[in-house]
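Sequence order for the protein chains is A and B.
Each residue of the first sequence is one higher than the one before, counting from 472 in our numbering.
Each residue of the second sequence is one higher than the one before, counting from 472 in our numbering.
Notes to accompany the following structure.
2 protein chains.
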Amino acid sequence: MKRQVSIKDVASEAGVSASTVSYVLNENPNVTISAETRERVLSAARDLNYVPNQAARTLGSSRVMGMTESKLIGIVIPQTEPEHYGARLMFSNPFYSTFLSAIELQIRRAGYHLIVSGTNPGQSYFEIVRSRALDGVIILGMYPSDDEEEYRSFNVPTVLVDCYGCDGRFFYGVNTDDRKGGYLATRYLLERGHQKIAFVTGQLKEHGVNSLRYRGYCDALDEFGVVLDPARVFSGYVGFDYGAEAAHKMAENINNVTAVFATSDITAIGVMNGFRAHGISVPDDVSLIGFDDIEYAKICYPPLTTIRQNIEEKGRRAAGLIIDAISDRQLPRVKEVIELELIERATVRSLA
Amino acid sequence: MKRQVSIKDVASEAGVSASTVSYVLNENPNVTISAETRERVLSAARDLNYVPNQAARTLGSSRVMGMTESKLIGIVIPQTEPEHYGARLMFSNPFYSTFLSAIELQIRRAGYHLIVSGTNPGQSYFEIVRSRALDGVIILGMYPSDDEEEYRSFNVPTVLVDCYGCDGRFFYGVNTDDRKGGYLATRYLLERGHQKIAFVTGQLKEHGVNSLRYRGYCDALDEFGVVLDPARVFSGYVGFDYGAEAAHKMAENINNVTAVFATSDITAIGVMNGFRAHGISVPDDVSLIGFDDIEYAKICYPPLTTIRQNIEEKGRRAAGLIIDAISDRQLPRVKEVIELELIERATVRSLA
DNA sequence: TACCTTTACTTTAACGTTAAAATAACAATC
DNA sequence: GATTGTTATTTTAACGTTAAAGTAAAGGTA
Numbered sequence: 472m473k474r475q476v477s478i479k480d481v482a483s484e485a486g487v488s489a490s491t492v493s494y495v496l497n498e499n500p501n502v503t504i505s506a507e508t509r510e511r512v513l514s515a516a517r518d519l520n521y522v523p524n525q526a527a528r529t530l531g532s533s534r535v536m537g538m539t540e541s542k543l544i545g546i547v548i549p550q551t552e553p554e555h556y557g558a559r560l561m562f563s564n565p566f567y568s569t570f571l572s573a574i575e576l577q578i579r580r581a582g583y584h585l586i587v588s589g590t591n592p593g594q595s596y597f598e599i600v601r602s603r604a605l606d607g608v609i610i611l612g613m614y615p616s617d618d619e620e621e622y623r624s625f626n627v628p629t630v631l632v633d634c635y636g637c638d639g640r641f642f643y644g645v646n647t648d649d650r651k652g653g654y655l656a657t658r659y660l661l662e663r664g665h666q667k668i669a670f671v672t673g674q675l676k677e678h679g680v681n682s683l684r685y686r687g688y689c690d691a692l693d694e695f696g697v698v699l700d701p702a703r704v705f706s707g708y709v710g711f712d713y714g715a716e717a718a719h720k721m722a723e724n725i726n727n728v729t730a731v732f733a734t735s736d737i738t739a740i741g742v743m744n745g746f747r748a749h750g751i752s753v754p755d756d757v758s759l760i761g762f763d764d765i766e767y768a769k770i771c772y773p774p775l776t777t778i779r780q781n782i783e784e785k786g787r788r789a790a791g792l793i794i795d796a797i798s799d800r801q802l803p804r805v806k807e808v809i810e811l812e813l814i815e816r817a818t819v820r821s822l823a
Numbered sequence: 472m473k474r475q476v477s478i479k480d481v482a483s484e485a486g487v488s489a490s491t492v493s494y495v496l497n498e499n500p501n502v503t504i505s506a507e508t509r510e511r512v513l514s515a516a517r518d519l520n521y522v523p524n525q526a527a528r529t530l531g532s533s534r535v536m537g538m539t540e541s542k543l544i545g546i547v548i549p550q551t552e553p554e555h556y557g558a559r560l561m562f563s564n565p566f567y568s569t570f571l572s573a574i575e576l577q578i579r580r581a582g583y584h585l586i587v588s589g590t591n592p593g594q595s596y597f598e599i600v601r602s603r604a605l606d607g608v609i610i611l612g613m614y615p616s617d618d619e620e621e622y623r624s625f626n627v628p629t630v631l632v633d634c635y636g637c638d639g640r641f642f643y644g645v646n647t648d649d650r651k652g653g654y655l656a657t658r659y660l661l662e663r664g665h666q667k668i669a670f671v672t673g674q675l676k677e678h679g680v681n682s683l684r685y686r687g688y689c690d691a692l693d694e695f696g697v698v699l700d701p702a703r704v705f706s707g708y709v710g711f712d713y714g715a716e717a718a719h720k721m722a723e724n725i726n727n728v729t730a731v732f733a734t735s736d737i738t739a740i741g742v743m744n745g746f747r748a749h750g751i752s753v754p755d756d757v758s759l760i761g762f763d764d765i766e767y768a769k770i771c772y773p774p775l776t777t778i779r780q781n782i783e784e785k786g787r788r789a790a791g792l793i794i795d796a797i798s799d800r801q802l803p804r805v806k807e808v809i810e811l812e813l814i815e816r817a818t819v820r821s822l823a
């Protein structure tokens with residue numbers, strides 16, 4: 472087991488000092504290096520197969536306050552669903568594979584690496600931000616936490632994805648207009664004569680995606696003068712199984728429902744399957760609309776009418792924002808909004 | 472912007488030296504600390520809200536050769552599909568969200584963080600292993616690379632998932648018996664009277680999953696005395712779109728096919744959809760069997776008959792292995808095999 | 001010629017931590 | 001009473017890097 476090749480080895484191979492090597496390798500603009508020396512250093516580094524030690528870099532660069540560079544970006548994916556639902560896995564929803572993949576690609580191209588972390592319930596994720604000296608953080612669907620004050624004091628660029636009502640003077644945001652999405656889906660059903668519209672969703676947390684979609688649902692009902700019936704609102708967790716569970720409950724009193732708006736496609740598909748088990752047909756007996764437009768929305772049978780959010784675009788924007796925010800600490804704290812689009816497929820029938 | 476709270480701050484608060492703090496916090500078994508001092512240190516650390524700097528830890532621990540601890544595990548997900556197929560995203564297959572999620576959970580519980588990285592084509596991922604001083608690496612479906620020799624010399628515990636024919640004296644492995652899976656799927660079709668069985672897959676790389684499944688396909692054909700027809704073999708990339716593309720090609724000469732074995736569910740579902748577009752019914756006109764048993768296999772219509780591999784289990788095993796291998800460098804280099812199971816659903820019809 | 005500037009480096013110290021060696025106090029053994 | 005051992009701690013140096021200060025030579029200006 473050989474010792475790591477360090478900058479000193481490169482330096483002595485090239486016949487210069489360690490700093491010179493550092494300056495060459497980092498293309499430090501504050502220092503002039505002759506072309507001839509630069510060449511010698513570069514070829515020595517190549518010959519020795521030198522790879523910089525990032526831990527040392529991180530530490531070394533922390534001398535100037537606030538200038539620490541770990542070249543590490545964290546993405547925090549909270550455990551949003553209660554454990555008693557059996558949701559031990561943090562992000563098994565296929566939404567995440569597309570989202571993460573889009574982020575990872577951009578991040579890597581910009582020379583960063585990506586740390587993916589769930590959250591330990593009750594434990595703060597600040598710790599990872601601090602201990603790893605993360606250059607930036609992307610947080611998914613979670614309001615930062617109780618001690619936001621403290622978090623700010625670290626001054627780490629932070630992009631909140633799908634988080635509402637958070638302070639736009641500190642955080643960057645990437646959102647979809649979920650309230651509008653909820654409204655569009657519900658209006659679409661109302662326009663086709665549906666009034667008994669059930670709403671199936673995950674946890675209704677303040678500032679959460681689901682609450683916004685719920686607000687949109689209420690908006691549309693209001694607009695059409697339909698009174699909201701709490702017996703038609705099912706709030707559990709995001710997932711196929713809960714959709715099926717909700718369908719079973721609805722099946723007991725199916726006359727109370729002519730259409731269902733599920734706030735995620737995976738839940739909607741669960742609803743569809745749950746109904747099928749009771750011999751209830753979508754869309755002949757009950758209409759159904761989802762949210763997200765994951766790949767399976769067009770694959771399932773019948774293909775799901777849904778509100779599309781461009782997940783890949785969402786990932787790209789989040790990554791782009793965090794990269795820009797890291798390199799320009801003065802970057803105005805924007806909130807980017809990803810457009811929504813209603814995709815008509817085959818799960819909604821007009822009652823006319 | 473305040474300076475980071477360091478171990479020295481804790482030390483002076485507790486009235487001891489920095490090393491003492493380090494010893495207490497790491498519960499270093501080689502050093503005895505009085506209960507009273509331990510208490511003082513711990514409470515000082517709590518009061519100051521101290522979080523250790525991992526970069527410094529990594530660097531500091533690298534004094535003893537081979538003992539560097541970054542508490543970082545890398546997972547490398549290679550770009551397996553050619554860019555011209557439009558596969559810019561590395562791991563948008565929903566397989567990965569379950570797999571990653573299972574790994575992340577285990578890793579975090581053991582006190583590690585997870586770096587997720589794709590690969591830059593042509594560029595070695597050794598660099599990330601070295602520059603980040605990764606404690607362990609999980610590599611997905613890829614033979615380490617040309618300069619395996621060099622990689623070994625770093626002596627980093629490495630688990631290869633879905634990689635065959637690699638040296639078991641150095642690497643740990645987590646595999647499914649893909650050849651057997653390919654055999655089981657094909658035999659199931661043959662037993663039901665099918666002979667014209669198409670095979671739809673991704674890239675057929677040596678030591679790759681797809682090649683093994685192909686071997687199993689060949690095994691079964693041989694056993695039943697059926698001659699392999701290369702015109703029934705479609706090798707493109709793993710994904711819905713390629714499945715549909717293959718279906719279009721098959722539709723041109725549909726009499727040449729009575730059943731299809733697709734080596735991943737997502738591809739199988741693409742085949743199903745492609746056929747549907749041509750008015751070809753699964754299973755009435757053509758039977759279909761997939762591989763993986765992703766969530767959507769049971770959700771799609773008709774539900775897909777497939778070979779199940781327990782993806783979550785696979786992730787858990789890989790994570791468990793890497794954690795054990797890090798803490799015990801002498802751990803025998805095992806290859807764990809995840810059991811396969813044929814799940815009968817509704818996409819295969821008997822020709823009888 | 002004396003002074004300033006620029007170019008091209010080198011030297012030094014620091015980042016936060018830990019391993020190893022050193023020390024000091026005390027107890028046990030001969 | 002000297003030696004050895006144990007316990008509890010401190011001191012020192014090192015990990016690999018970089019920022020900042022320092023130096024030396026060459027070139028330009030008054």
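Cβ atoms here follow ideal geometry from the backbone N, Cα and C, with glycine treated the same way.
All of these numbers come straight from a predicted model, not from anything done at the bench.
So residue i and residue j are in contact, right, with Cβ under 8 angstroms, and what is the actual spacing, rounded?
i	j	result
B/LEU675	B/SER682	5 angstroms
B/TYR635	B/ASN646	7 angstroms
B/ALA715	B/ASN744	6 angstroms
A/LEU611	A/PRO549	7 angstroms
A/VAL753	A/PRO773	7 angstroms
A/ALA669	A/ARG623	Incorrect: roughly 41 angstroms between the Cβ atoms, too far for contact.
B/GLY741	B/PHE705	About 11 angstroms; that fails the 8 angstroms criterion.
B/VAL547	B/THR590	6 angstroms
A/THR429	A/THR672	As displayed, chain A neither begins before 472 nor continues past 823, which places residue 429 of chain A out of reach and without an answer.
B/ALA656	B/PHE732	5 angstroms
Got a sec, what are the start and stop residues for the beta strand (DSSP E) residue i sits in?
i	result
B/VAL608	607 to 611
A/ASP693	Per DSSP, A/ASP693 belongs to no beta strand (DSSP E); it is in the alpha helix (DSSP H), 680 to 694.
B/SER706	704 to 706
A/ASP700	Element bounds for A/ASP700: n/a, residue is neither H nor E.
A/VAL671	668 to 672
A/ILE760	758 to 763
Cα-Cα, which of the options is closest to residue i?
i	options	result
B/VAL680	B/VAL632, B/ILE782 and B/ARG509	B/VAL632
B/ALA527	B/ALA516, B/ALA515, B/ARG517 and B/GLU540	B/GLU540
A/GLN577	A/ALA789, A/GLN666, A/PHE705 and A/CYS689	A/ALA789
A/CYS689	A/GLY707, A/ASP712, A/ALA715 and A/ASP649	A/ASP649
A/PHE566	A/THR503, A/ASP764 and A/SER758	A/ASP764
A/ALA485	A/ARG517, A/LEU605 and A/LEU655	A/ARG517
A/ASN726	A/GLY741, A/VAL757, A/SER588 and A/SER821	A/VAL757
A/PHE762	A/THR738, A/SER752, A/PRO754 and A/ILE794	A/THR738
A/LEU661	A/VAL819, A/SER483, A/ARG804 and A/HIS719	A/VAL819
B/ARG511	B/THR491, B/LEU530 and B/ASN501	B/THR491
A/ARG804	A/VAL753, A/CYS771, A/VAL671 and A/PHE641	A/PHE641
A/GLN801	A/CYS637, A/VAL608, A/PRO628 and A/GLU815	A/PRO628
A/SER568	A/HIS678, A/LYS785 and A/TYR494	A/LYS785
B/GLY791	B/ALA489, B/SER821, B/ALA573 and B/GLN475	B/ALA573
Where does the unbroken alpha helix (DSSP H) through residue i begin, and where does it stop?
i	result
B/GLN780	Unbroken run through B/GLN780 is the beta strand (DSSP E), 776 to 780; no alpha helix (DSSP H).
B/ALA516	506 to 519
A/TYR654	649 to 662
B/TYR713	711 to 723
B/ILE574	566 to 580
Which residues does DSSP pair with residue i in a beta bridge?
i	result
B/VAL587	A/LEU585 and B/ILE546
B/THR734	Partner(s): none; B/THR734 has no beta bridge.
A/THR629	A/VAL608
B/TYR643	B/VAL630
A/VAL808	A/ASN646
B/ASN814	Reading off the sequence shown, one finds Ile at residue 814 of chain B, where the question assumed Asn. Partner(s): B/THR777.
Quiz item: Is the stretch 522 to 532 of chain A close to the stretch 587 to 603 of chain B, with three or more CB pairs under 8 angstroms?
Solution: yes
Self-check item: Inter-stretch contact (C-beta, 8 angstroms, three-pair minimum) for the stretch 696 to 712 of chain B and the stretch 764 to 776 of chain B
Solution: No: fewer than three Cβ pairs fall under 8 angstroms.
Quiz item: Between the stretch 793 to 811 of chain B and the stretch 772 to 783 of chain B, do three or more beta carbon pairs fall short of 8 angstroms?
Solution: yes
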